[in-house]
Every structure is written in C-alpha cells, then in structure tokens.
Amino acid sequence: MGCNKKLCGYSSILGGYSIDKCVDGIASADNSIDAGRNHDKAFDDNLLTTWVSAQEYNWLKYDFGVGVAHKFVRMTYIQSFDQDYCIQDYRIQGSNNNSDWDTLVDDRFINTHDKQIIDFANTIAYRYFRLFTDTSWQSGGAGTTISALEVEVMIRIPVEGKIRRIMLQLTPDVKNGGIAKTNMFNLAHNL
1 MGCNKKLCGY SSILGGYSID KCVDGIASAD NSIDAGRNHD KAFDDNLLTT WVSAQEYNWL
61 KYDFGVGVAH KFVRMTYIQS FDQDYCIQDY RIQGSNNNSD WDTLVDDRFI NTHDKQIIDF
121 ANTIAYRYFR LFTDTSWQSG GAGTTISALE VEVMIRIPVE GKIRRIMLQL TPDVKNGGIA
181 KTNMFNLAHN L
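Numbering (the numbering used here), first residue to last: 1 to 191.
Here it is, written out as structure tokens:
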C-alpha cells in the first residue's frame, strides 16, 4: 500500500519480500454483495474500493495464471469500512489444480482497521492463492458478511552471497594541505 508496484522494490538490502504478486492474474470469490464491491476490488491497489461478501463462510481467490506459480510466504490484509466486518477466523491456502487445497495458515485476525501482515512458512510454489474465511467479528463471531479493502500476496527475496558497498578512498595532498583525489572501489563482503 502506499507505493506504486512499478517503483517499489525490496524491503531490505539483505533480502526481504517482493512487491505484491497479485498483478496479472484473475481474482474470484464465492460471492460478492454487488458488482461495485466485487472480488476484483480486494486486489486492485485502490484503498477507495472494497470487496464485501454477501454471506458468511467465504473465500477470496487469486489465480496467478497458466505456467505461473509462487512460493508465497506473506499476506497483507486491510479491513474496510466497519470493524465488525473484519475477518475473524481464516485460512490461507495454496493449490495447483484449484480443487485440492493445502492449508498454510489457520488463525485469527485481530479486530482492527490497521494493516495486518501475516508471515508464514511455505516451500511449495502454487498457482492459486485462497483466503478462506470462517467468521467475522460481526455478532460475536457468528458473522454474516466480511469485507477486504486490500489483500496482497508476496514471495521471499533470497539473500545473495555477497553485498557490494561503494567506498571512497581519500588520498591526502601534502603539498596543498587538502585531499588530492578520490578513488572509487568496490568492497565485497561474504555473508
């Protein structure tokens, strides 16, 4: 959030997370309250739009596309207009055939409008990502509808074997009492 996908990069020089991978695929959901608040809105990088479900026990899915699979290990979720519509119990799942689902996370969100970041272990590249919701915070967890302002899925960026740093080498100029020249060199550090 808050950054353009074409401009954002790594979160850390020592490795981190990619930008959102939900870019060129297809979003879907088992239901939406109306066309103006459908499943596409959860992945459109627009904080002024939202997905709202029409019933309880929902799933929100993203198909990365034919021949595309990711080892996703982070999901971010931003709740929309009313905290009661915040997802309570959820599962993060991956699949390669859109019918058999591996559960990677089975947990509970806190009831907040703040961005929630879920990091988890995953060693398998999946074509499909699914956020399966069991309950919302509405009516003490019974839930009737939920909403998602924005959902992002990220992969881990590996640390490279070396990090290069640009160093300045200054040579004193004894004649003029200053610095004679500046040389640039790369200093490689093995991790």
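Every residue gets a Cβ at the ideal spot worked out from N, C-alpha and C, and that includes glycine.
Counting of Cβ neighbours within 10 angstroms places A35 among the exposed residues, the total staying below 16.
DSSP, read as helix, strand or coil, puts D40 in helix. The stretch 64-71 and the stretch 124-137 touch, with three or more beta-carbon pairs separated by less than 8 angstroms.
Nearest in C-alpha terms to Q138, of all of S18, F43, V66, C86, is C86. Bridge pairing for T133: N58, Y90 [DSSP]. Residues D20, K21, C22, Y62, F72, M75, F129 of the same chain have their beta carbon placed closer than 7 angstroms to that of V153, with the five preceding and five following residues left out of the count. Comparing alpha carbon positions, the residue from Y17, A121, W59, L47 closest to A27 is W59. H113 sits exposed, since fewer than 16 C-beta atoms from the chains shown fall within 10 Å of its C-beta.
Under the 10 Å beta carbon count, L104 is surrounded by 16 or more other beta carbons and is classified as buried. Minimum Cα-Cα distance from R156 among the listed residues S136, N98, A121, E150 corresponds to A121. CA-to-CA, the gap between G94 and I110 works out to about 23 angstroms. Under DSSP, Y126 shares a beta bridge with H70. No residue range can be given for V23, since it is assigned to no beta strand (DSSP E) and is classified by DSSP as neither H nor E. According to the DSSP secondary-structure assignment, Y17 is paired through a beta bridge with R156.
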